[in-house]
């Protein structure tokens, strides 16, 4: 699929002209040394309790160690956002005042109900109250600005025409925006570049886990704003484009988007247990079980990380995601059984291409601001500026590269590469070159989108998903045509997947994890069993296993 096919638009939760959502509830949480966290002020137009749970969601464990923060969460079917402020106080107050000002808004406006459009105001009110807890006038003013008739705010908008519920959900809570249009301040998708920088090649393994609708838990220390935004990023990147719905098996509607829980704590353990009982976590089964929709969340409570039955994938965030390159390391990803999740060799190759595009974007942004200076460059100089030498990019990449998070090169791959080098008299491996060309085509030149870089990155991941689904669907249709005259039911024969098929959908032929992913994905979204064909390369009478 050409990168130009859909690179100009993508789905991002932006709402209608960035109109701030109507508040369903507004409240203040304060830490008291005698009674702990308490709701000191609240207004609500909904029949949802704000005592006993929302204070823990608004003030995650360990938040007292930071000066300020933004916390995203969900509560009783509503999206929540709280702004935390920590100000110096008297000794009687343990030398600090902890204040959190939060809101609830309907989820009908997207994963976070566009709550980020209120973030700046919440931060200002939180700072004011941290300095003077009695200064509630800004709260009263904020609440009074809400429409007096709050019928829609009291109940999330779930009324939808029969037969189009899922399609309507995906289309009405998101908007198609041009890739040259910037996102509004505080939009969580603005963190997507940091998300990619933080995870490196592992970003593709996370994408796979999300597409398989695993239960994914990010664990790290405060502040939590960035990790909450990473939860949003993963959910958006792993959404199935609505244009592909008709290719999927009946009953797959619930798999089109990964559920986002955002910040969770010990008080959410019951909820996580309930969600875990809804299905089998998406694992392969041949009993026609309905797989769980899965979820992605983040927490600062390490006790949740010890309860491995609550999640499928755990992501341990490094102490600081903005550390200098020399001190930076990738997050650690493991299954609930403790098995490390590592990037494939092709993931590294794809990440190098993506890293190169981001390098170009940053380079052009830094070097291209002085229009007078750029205007004096000739065409050849401009070409060098737009396309830096590969070794310069590789050096920058190598500063962050951590082989501990990457699968080792297999003997089969080394043997194959050595044979191809010998057979071609040292020329470039045509097969690997074809893979790189495919990866470049899917990626495109996202660095040219300037203000719309974030939505261009989202479009890239959606294109990769489209390539995967379209190619697998073509394989299934071709297999069905070949077996049309057989008396066996379609479900009784397995789809044969070849080495070229694995490569064609953008995965690593030599990676066991990628082959397992393809089998699970086909079962989950198409309801078909798949078998990976073994392949061998014969050289001088020696048979080399490729798969």
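In full-length UniProt numbering, the protein residues as written are 1 to 547.
C-beta atoms are modelled at their ideal positions from N, C-alpha and C, and glycine is treated no differently.
*asked:* Can you give me the C-alpha to C-alpha distance between residue 483 and residue 526, rounded to a whole angstrom?
replied: Working through the chain shown from its first residue, we reach residue 483 at position 483. Working through the chain shown from its first residue, we reach residue 526 at position 526. Rounded to whole angstroms, residue 483 to residue 526 spans 17 Å at the Cα level.
*May I have a chain-ordered list of the alpha helix (DSSP H) segments no shorter than 4 residues that lie completely inside the stretch 208-264?*
225-237
*With 16 other CB atoms within 10 Å as the buried threshold, where does residue 508 fall?*
Counting from one through the chain shown, the residue named residue 508 turns up at place 508. Its Cβ being crowded by 16 or more others within 10 Å, residue 508 is buried.
*Proximity below 8 Å, CB of residue 67 to CB of residue 86*: Taking the first residue of the chain shown as 1, we reach residue 67 at position 67. Taking the first residue of the chain shown as 1, we reach residue 86 at position 86. Yes, the Cβ-Cβ distance between residue 67 and residue 86 is below 8 Å.
*Do you know how far the Cα of residue 214 is from the Cα of residue 531?*
Locating residue 531 in the chain shown gives position 531, where the first residue counts as 1. Locating residue 214 in the chain shown gives position 214, where the first residue counts as 1. Straight-line Cα distance between these residues: approximately 22 Å.
*Within the same chain, show all residues whose beta-carbon is closer than 6 Å to that of residue 81, passing over the 5 residues directly before and after it, in chain order.*
Taking the first residue of the chain shown as 1, we reach residue 81 at position 81. Correct list, in chain order: 72, 103, 115.
*asked:* Run through the DSSP bridge pairs and tell me what residue 340 is partnered with.
replied: Residue numbering aside, residue 340 sits at position 340 when the chain shown is read from its first letter. In DSSP, residue 340 forms a bridge with 334.
_Considering just the uninterrupted stretch of the alpha helix (DSSP H) at residue 143, what are its terminal residues?_
Translated into the one-based positions of the chain shown, residue 143 becomes position 143. Residues 137-144.
*Give, in chain order, every unbroken run of the alpha helix (DSSP H) that is at least 4 residues long and sits entirely within the stretch 58-87.*
none
*Whose C-beta lies closer than 8 Å to the C-beta of residue 135 among residues of the same chain, with five residues either side of it excluded?*
Along the chain shown, one-based indexing puts residue 135 at 135. For residue 135, where only same-chain residues beyond five positions count, the Cβ hits under 8 Å are 128, 129.
_For residue 318, which residues in the same chain have their Cβ closer than 7 Å to its Cβ, ignoring the five residues on either side in sequence?_
As a first step, residue 318 must be located in the chain shown, where it is residue number 318. Here the set comprises 329, 331.
_Let me check one thing: in DSSP terms, what residues is residue 514 bridge-paired to?_
Numbered from 1 along the chain shown, position 514 holds the residue referred to as residue 514. Its beta-bridge partners do not exist; DSSP assigns none.
*Just checking my contact of residue 30 with residue 133 at CB under 8 Å: how many whole Å lie between their CB atoms?*
Position 30 of the chain shown holds residue 30. Position 133 of the chain shown holds residue 133. At roughly 7 Å, the Cβ-Cβ gap stays under 8 Å, so residue 30 and residue 133 are in contact.
_Own chain residues within Cβ distance below 8 Å of residue 475, not counting five before or after_ = Taking the chain shown and counting its residues from 1, one reaches residue 475 at position 475. 495, 497, 501, listed in sequence order.
_At the level of alpha carbons, what is the spacing between residue 165 and residue 364?_
If you number the chain shown from 1, residue 165 lands on position 165. If you number the chain shown from 1, residue 364 lands on position 364. Residue confidence is low: residue 165 scores 36 on pLDDT, short of 50, so the model does not pin down where it sits. Its coordinate-derived value is still stated next. Going by the C-alpha atoms only, they are around 44 Å apart.
*Quick one: what does DSSP say residue 442 is sitting in, helix, strand or coil?*
Along the chain shown, one-based indexing puts residue 442 at 442. Residue 442 falls in the helix class under three-state DSSP.
*Compute the Euclidean distance between the alpha carbons of residue 551 and residue 75, then round it to the nearest angstrom.*
Summary: the structure shown does not reach residue 551, with the chain confined to residues 1 through 547, and so no result is reported for it.
*Does DSSP put residue 300 in a helix, a strand or coil?*
Taking the first residue of the chain shown as position 1, residue 300 is located at position 300. Residue 300: coil per DSSP, three-state reduction.
*asked:* Between residue 462 and chain C, is any beta-carbon pair separated by less than 8 Å?
replied: The structure shown contains no chain C; it is built from a single protein chain.
_Simplified DSSP state of residue 528, which is helix, strand or coil_ = In the chain shown, the residue the question calls residue 528 occupies position 528. It is coil, neither helix nor strand.
*Can you find at least 3 beta carbon pairs, one from the stretch 227-237 and one from the stretch 190-207, that sit closer than 8 Å?*
yes
*At a cut of 8 Å, does the stretch 216-224 reach the stretch 294-307 through at least three beta carbon pairs?*
yes
*Note down, in chain order, each residue of its chain lying with its Cβ closer than 7 Å to the Cβ of residue 2, except the 5 sequence neighbours on either side.*
Translated into the one-based positions of the chain shown, residue 2 becomes position 2. Below a pLDDT of 50, predicted positions are generally treated as unreliable, and residue 2, at 42, falls in that range; no measurement from the model is reported.
*asked:* Since residue 343 and residue 406 should fall inside the 8 Å C-beta cutoff, what is the C-beta to C-beta distance between them, to a whole number of angstroms?
replied: To locate residue 343, count along the chain shown from 1; it is residue 343. To locate residue 406, count along the chain shown from 1; it is residue 406. Their Cβ separation, rounded to whole angstroms, is 5 Å, which keeps residue 343 and residue 406 in contact under 8 Å.
*How should residue 79 be labelled, buried or exposed, when 16 other C-beta atoms within 10 angstroms of its C-beta is the threshold for buried?*
For the purposes of this step, residue 79 is identified with residue 79 of the chain shown, where counting begins at 1. So residue 79 ends up on the buried side.
*I think residue 126 touches residue 84, with their Cβ atoms under 8 Å apart; what is that distance to the nearest whole Å?*
Working through the chain shown from its first residue, we reach residue 126 at position 126. Working through the chain shown from its first residue, we reach residue 84 at position 84. Contact flag correct, Cβ pair sits at about 7 Å.
*In chain order, what residues of the same chain have a beta carbon less than 7 Å from the beta carbon of residue 111, not counting five sequence neighbours either side?*
Along the chain shown, one-based indexing puts residue 111 at 111. So the list reads 13, 232, 235, 260, once near-sequence residues are dropped.
*Starting from the Cα of residue 37, find the closest Cα among 477, 52, 122 and give me that residue.*
Locating residue 37 in the chain shown gives position 37, where the first residue counts as 1. Closest option to residue 37, Cα to Cα, is 52.
*Can you tell me the Cα-Cα spacing of residue 182 and residue 449, whole angstroms?*
For the purposes of this step, residue 182 is identified with residue 182 of the chain shown, where counting begins at 1. For the purposes of this step, residue 449 is identified with residue 449 of the chain shown, where counting begins at 1. Roughly 10 Å between the two C-alpha positions.
*Find out if the Cβ-Cβ distance for the pair residue 200, residue 351 is shorter than 8 Å.*
Walking along the chain shown from the start, residue 200 turns up at place 200. Walking along the chain shown from the start, residue 351 turns up at place 351. Yes, these two residues count as a Cβ contact at 8 Å.
_Spatial neighbours of residue 240 in its chain, beta-carbon cut-off 6 Å, leaving aside the 5 residues before and after_ = Walking along the chain shown from the start, residue 240 turns up at place 240. Correct list, in chain order: 256.
*Take residue 28 as the anchor and find which of 35, 40, 21 has the nearest alpha-carbon.*
The residue labelled residue 28 in the question sits at position 28 within the chain shown. Here the closest residue by C-alpha is 40.
*Under 8 Å by Cβ, that's how I've got residue 435 and residue 346 pegged, so tell me the actual separation to the nearest angstrom.*
Translated into the one-based positions of the chain shown, residue 435 becomes position 435. Translated into the one-based positions of the chain shown, residue 346 becomes position 346. About 7 Å separates the two Cβ atoms, so the contact holds.
*How close, in whole Å, do the beta carbons of residue 357 and residue 445 come, if the pair is a contact with beta carbons under 8 Å?*
To locate residue 357, count along the chain shown from 1; it is residue 357. To locate residue 445, count along the chain shown from 1; it is residue 445. Between residue 445 and residue 357 the Cβ distance is about 7 Å, and since that is below 8 Å, they are a contact.
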